[in-house]
Amino acid sequence: MFLQNKNIVLGVTGGIAAYKCAELIRRLKEQGANVRVIMTDGAKAFITPLTLQAVSANPVSDSLLDPAAEAAMGHIELAKWADLLLIAPASANTLARMATGMADDLLMTTVLATPAPIAIAPAMNQQMWRAKATQNNVAVLNERGVAIWGPAQGEQACGDVGYGRMLEPNDIVAQVVAHFNTDQQQLLAGQHWLISAGPTREAIDPVRYISNHSSGKMGYAIAAAAHKLGAKVTIVSGPVALSTPSGCQRINVDSGQQMYDAVMEQVRCCDVFVGCAAVADYKVAHVSEQKIKKTDDNEQMSIQLVKNPDIVASVAKLTNKPFTVGFAAETQDVKNYAKGKLQRKNLDMIAANDVAKQGQGFNSDDNALMVFWSDGEQQLPLQNKQSLADALVLLIQQKMHG
Ligand code: C5P
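The numbering used here applies: residue 717 is where the sequence shown begins, and numbers increase by one.
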């Protein structure tokens, strides 16, 4: 039981996914959580308070101005009682109201009044999720530290296909467990994770090199997330200006070839390999032993490049390969390129980011990922790299075990 004695206030808002809340409450309680439900008027059109009262074994609160409910547990008391305020499903309307700080019903008042962390599991039509207004609201909430879990991709109640489905109850519970994780809750205990991170430097001569803008932040955040959940973690790192996450082992390398050698040496005893490094695709064919001089008669010069070994693909070719996760940084047609790479490199999972988008990807503190595996995909929306890494590590853990 990973949620023993945790107090969770579950806010249920209006959307067809509200019917999944009974199952969600059961799963949370199975893990030892105490659950108190707040329903909006919209939610009650989809599932009855009586159902959620029965599964939560607590009275359901639905009104700000109900003397009976306030007598049992006042709304400020409820806000204080919570260790986590989870809103699932969170409708587009709810996101907008949270973003503007409304306080005209019990749930919105609790959002403002609670000192507890807040997490939302959005659920809406795919077009509504993609709408600029919704995405702006998500960005505002993310900025305020609200954890955004999902939405997932797939067929919707309205017949559309796309991102907007609420995460499945089990996936939400996994996020809650990770949120509360402490040293006693070692989901990844006994596992060894190997993570490549940062850029590589391909020497041209003793003073020059070819490199890229990778900061290593995403790989280091994944390392920290895996370690937090109890894994033994080794980072094979290109040159970065980051300190090693506590408890992780770090092997420093410069070139793609060195990174390949270090990874291949470490990988045999690993359960998971995450190739997060931005390895140079090409290295210099003949590295000059002396500094190359500019000469008066040469207006142009050329350097011959040859392919670097593909590290993640080499790992995925091993007979006893670990669960192998690649990254794809793309500037266009992200989905197709990423899925192509997943197949070509024989990966178990690929996490793609659109580096052409401002405020995410290379060198930024925030990122958004589209994650693909052989028979599914999930969007991890824009958020800081550490909470994104927490979500990705959980997803890897879930898919590793089918
Ligand atoms: O083919 P592309 O470079 O776009 O693939 C990106 C993925 O492959 C990343 O996971 C990256 O770490 C990995 N990669 C690698 N070795 C290379 C090139 C890329 O492991 N030489």
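Cβ coordinates follow ideal geometry from the N, Cα and C atoms, glycine included.
Checklist entry - Ile-1019 lies in the alpha helix (DSSP H); which residues open and close that run? => result One-based indexing of the sequence shown puts residue 1019 at position 303. That residue, Ile-1019, is in no alpha helix (DSSP H); it is neither H nor E in DSSP.
Next on the checklist: Buried or exposed, going by whether 16 or more other CB atoms sit within 10 Å of the CB of Pro-867?
Outcome noted: Along the sequence shown, read from residue 1 onward, the residue named residue 867 stands at position 151. By the neighbour-count rule (16 or more Cβ atoms within 10 Å), Pro-867 is buried.
Item to check | Closer than 5 angstroms: residues whose CB approaches a heavy atom of the ligand C5P | outcome: The set of residues with a C-beta under 5 angstroms from any non-hydrogen atom of the ligand C5P comprises Gly-991, Ala-993, Val-995, Asn-1024, Asp-1026, Ile-1027, Val-1028, Gly-1042 and Phe-1043, given in chain order.
Item to check | Selected residue, minimal CA-CA separation from Ala-798, among Gly-727, Ile-732, Leu-857 and Val-923 | outcome: Here residue 798 is taken as the residue at index 82 of the sequence shown, counted from 1. Across the set Gly-727, Ile-732, Leu-857 and Val-923, the C-alpha of Gly-727 shows the shortest separation from the C-alpha of Ala-798.
Next on the checklist: Our contact map puts Ala-1126 next to Cys-737 with C-beta atoms below 8 angstroms; I'd like the distance itself, whole angstroms only.
Outcome noted: Absent from the structure is residue 1126, since the part of the chain shown begins at 717 and ends at 1118.
Item to check | Residue burial classification, Ser-931 (beta-carbon count within 10 angstroms, cutoff 16) | outcome: In the sequence shown, counting from the first residue as 1, residue 931 sits at position 215. With a 10 Å radius around the Cβ and a threshold of 16 neighbouring Cβ atoms, Ser-931 comes out buried.
Next on the checklist: Check whether the region 740-750 and the region 767-780 are in contact - that is, three or more C-beta pairs closer than 8 angstroms.
Outcome noted: Put simply, the region 740-750 touches the region 767-780. At least three CB pairs are less than 8 angstroms apart.
Checklist entry - Applying the criterion that 16 or more other CB atoms from any shown protein chain within 10 Å of the CB defines a buried residue, is Lys-1101 buried or exposed? => result Here residue 1101 refers to the residue found at position 385 when the sequence shown is read from its first residue. Buried, by the Cβ-count rule.
Checklist entry - Do Leu-802 and Ile-724 come within 7 angstroms of each other at the CB atom, strictly closer than that value? => result On the sequence shown, position 8 is the one that residue 724 refers to. On the sequence shown, position 86 is the one that residue 802 refers to. The answer is yes: Cβ separation under 7 angstroms.
Next on the checklist: Am I right that Val-1087 and Ala-942 are in contact with their C-beta atoms under 8 angstroms? What's the rounded C-beta distance?
Outcome noted: Here residue 1087 refers to the residue found at position 371 of the sequence shown. Here residue 942 refers to the residue found at position 226 of the sequence shown. In fact, because the Cβ distance is near 16 angstroms, the residues do not count as touching under 8 angstroms.
Checklist entry - Excluding the five sequence neighbours on either side, which residues of its own chain have a C-beta within less than 8 angstroms of the C-beta of Val-1031, listed in chain order? => result By one-based count along the sequence shown, residue 1031 stands at place 315. Excluding positions up to five away in sequence, the list reads Val-979, Met-980, Val-983, Phe-989, Gly-991, Lys-1037, Pro-1038 and Thr-1040.
Checklist entry - Leaving out five residues before and five after Lys-933 in sequence, what residues of the same chain have Cβ atoms less than 6 angstroms from its Cβ? => result Counting from one through the sequence shown, the residue named residue 933 turns up at place 217. Here the set comprises Lys-1101.
Next on the checklist: Can you look up Asp-887 in the DSSP assignment and give me helix, strand or coil?
Outcome noted: If you number the sequence shown from 1, residue 887 lands on position 171. It is helical.
Item to check | Buried versus exposed call for Gln-907 [16 or more other C-beta atoms within 10 Å across all chains shown] | outcome: By one-based count along the sequence shown, residue 907 stands at place 191. Burial call: buried.
Next on the checklist: Please classify Asn-853 as buried or exposed, where buried requires at least 16 neighbouring CB atoms within 10 angstroms.
Outcome noted: Along the sequence shown, one-based indexing puts residue 853 at 137. With 16 or more other Cβ atoms within 10 Å, it is buried.
Item to check | Ile-659, enclosing alpha helix (DSSP H) - first and last residue | outcome: The requested residue 659 does not occur in the structure, where the chain is confined to residues 717 to 1118.
Checklist entry - Is Gln-1114 helix, strand or coil when you go by DSSP? => result Residue numbering aside, residue 1114 sits at position 398 when the sequence shown is read from its first letter. Assigned with DSSP and collapsed to three states, Gln-1114 falls in helix.
Next on the checklist: Given this structure, state the Cα-to-Cα distance separating Gly-1056 from Gln-1048, to the nearest angstrom.
Outcome noted: Position 340 of the sequence shown, counted from the first residue, corresponds to residue 1056. Position 332 of the sequence shown, counted from the first residue, corresponds to residue 1048. When rounded, the distance between both Cα atoms is 13 angstroms.
Checklist entry - Between the region 959-967 and the region 1014-1028, do at least 3 Cβ pairs fall closer than 8 angstroms? => result The region 959-967 and the region 1014-1028 do not touch, with fewer than 3 CB-CB distances between them shorter than 8 angstroms.
Checklist entry - Comparing alpha-carbon positions, which option in Leu-719, Thr-756 and Ile-763 lies nearest Glu-739? => result Taking the first residue of the sequence shown as 1, we reach residue 739 at position 23. Out of Leu-719, Thr-756 and Ile-763, Ile-763 has the C-alpha closest to the C-alpha of Glu-739.
Checklist entry - Ala-1044 to Ser-1080, Cα distance in whole Å? => result If you number the sequence shown from 1, residue 1044 lands on position 328. If you number the sequence shown from 1, residue 1080 lands on position 364. Their Cα atoms are separated by approximately 16 angstroms.
Checklist entry - Given Pro-961, which residues of its chain have a CB within under 7 angstroms of its CB, disregarding the five upstream and five downstream residues? => result The sequence position of residue 961 within the sequence shown is 245, counting from 1. Correct list, in chain order: Tyr-936, Ala-939, Ala-940 and His-943.
Checklist entry - Nearest CA to the CA of Gln-1006: which residue from Pro-922, Gly-878 and Lys-1051? => result Position 290 of the sequence shown, counted from the start, is the residue given in the question as residue 1006. Ranked by Cα distance from Gln-1006, the options Pro-922, Gly-878 and Lys-1051 are led by Pro-922.
Item to check | Within the region 811-891, ranges of the beta strand (DSSP E) (whole runs, at least 3 residues) | outcome: Secondary structure remark: continuous beta strand (DSSP E) runs of at least 3 residues inside the region 811-891, in chain order: 834-838, 868-871 and 877-881.
Checklist entry - Thinking just about the alpha-carbon of each residue, which of Ala-733, Ile-741, Leu-780 and Ala-784 is nearest to the one in Ala-761? => result Stepping through the sequence shown from its first residue, residue 761 is reached at position 45. Residue nearest to Ala-761 within the set Ala-733, Ile-741, Leu-780 and Ala-784 is Ala-733 (criterion: CA-CA distance).
Item to check | Limits of the unbroken alpha helix (DSSP H) element including Asn-928 | outcome: If you number the sequence shown from 1, residue 928 lands on position 212. Run containing Asn-928: none; DSSP gives neither H nor E here.
Next on the checklist: Using DSSP's beta-bridge definition, name the partner residues of Trp-1089.
Outcome noted: Position 373 of the sequence shown, counted from the first residue, corresponds to residue 1089. Per DSSP, the beta bridge partners of Trp-1089 are Met-1065 and Gly-1092.
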